[in-house]
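Asker:
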Amino acid sequence: MVPVMMNARSRGLFMGILTGLLSIGSLGCEDEAIETTQAVDETEPAAELPEPEEPVRESMFDAEGNLRESGESIVGLALPMGLQHERDAERRHIYSIQAPIQKVAAFFGPRLLTGTVDRIGDGAVYRGATIEGSPVRVDVSILQTGSRVRVEVTELPPMPENPPDPEELMREWRENMHRLD
């Protein structure tokens with residue numbers, strides 16, 4: 002910024018103009034303030050607005066503390082409330098939930114029919130399980146990952162309609178073993 006040299010007369014004129022402009026501007030503001038005040042005074046008192054209601058969030062747990070069904074399912078397997086979809090890969094569906102792992106395992110256990118259950122810590126892996134009313138067989142793993150529980154449902158490929166003959170399988174196995182030697 003370049004300093005401007007003013008004599009006393011120029012400085013007095015400049016200050017007078019500046020003061021006048023500020024006075025005019027402030028008068029306009031006062032008028033608006035008066036009009037606004039008058040408008041408010043003429044209206045009736047504002048009715049109290051009702052407080053916004055919070056949406057009712059249904060609990061993930063029932064009265065006994067068990068996870069509740071969400072109404073959603075994957076390959077016929079009911080999913081609990083609070084389960085969040087993470088991603089899908091070929092025949093794999095991965096979810097997570099913020100709930101005690103024992104509650105998650107207790108939700109899925111009765112819904113899976115299998116003879117093979119591998120316990121891993123407080124979690125479990127149900128292998129080759131069937132679901133009532135569904136022809137699909139699945140592996141379901143319920144494992145603790147940090148503060149969340151990971152639920153992975155893997156659809157197993159269907160059994161072949163015409164399985165190979167056991168003698169044919171043994172013959173192929175012997176041939177493959179012979180090639181390795």
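So for the sequence shown, our numbering puts the first residue at 2; every next one is plus one.
We treat Cβ as the ideally placed atom computed from N, Cα and C, and that holds for glycine.
Nearest to Pro-159 by alpha carbon, out of Asp-63, Val-76 and Glu-70?
Answerer: Of the listed residues, the one whose Cα sits closest to Pro-159 is Val-76.
Asker: State the beta-bridge partners of Arg-151 as determined by DSSP.
Answerer: Arg-151 pairs with Ser-97 and Leu-144.
Asker: Consult DSSP for Arg-180 and reduce its assignment to one of helix, strand or coil.
Answerer: DSSP places Arg-180 in helix when its eight states are reduced to three.
Asker: Comparing C-alpha positions only, which one of Gln-145, Gly-134, Met-178 and Ser-97 sits nearest to Arg-120?
Answerer: When each option's Cα is compared against that of Arg-120, the closest is Gln-145.
Asker: Out of curiosity, what's the CA-to-CA distance linking Ser-142 and Glu-156?
Answerer: Whole-angstrom Cα-Cα distance: 12 Å.
Asker: Quick check: what's the CA-CA separation for Val-154 versus Asp-166?
Answerer: Rounded to the nearest angstrom, the two C-alpha atoms are 31 Å apart.
Asker: Please state whether the Cβ-Cβ distance between Val-150 and Ser-97 is less than 8 Å.
Answerer: Against a cut-off of 8 Å, the Cβ pair of Ser-97 and Val-150 comes out as a contact.
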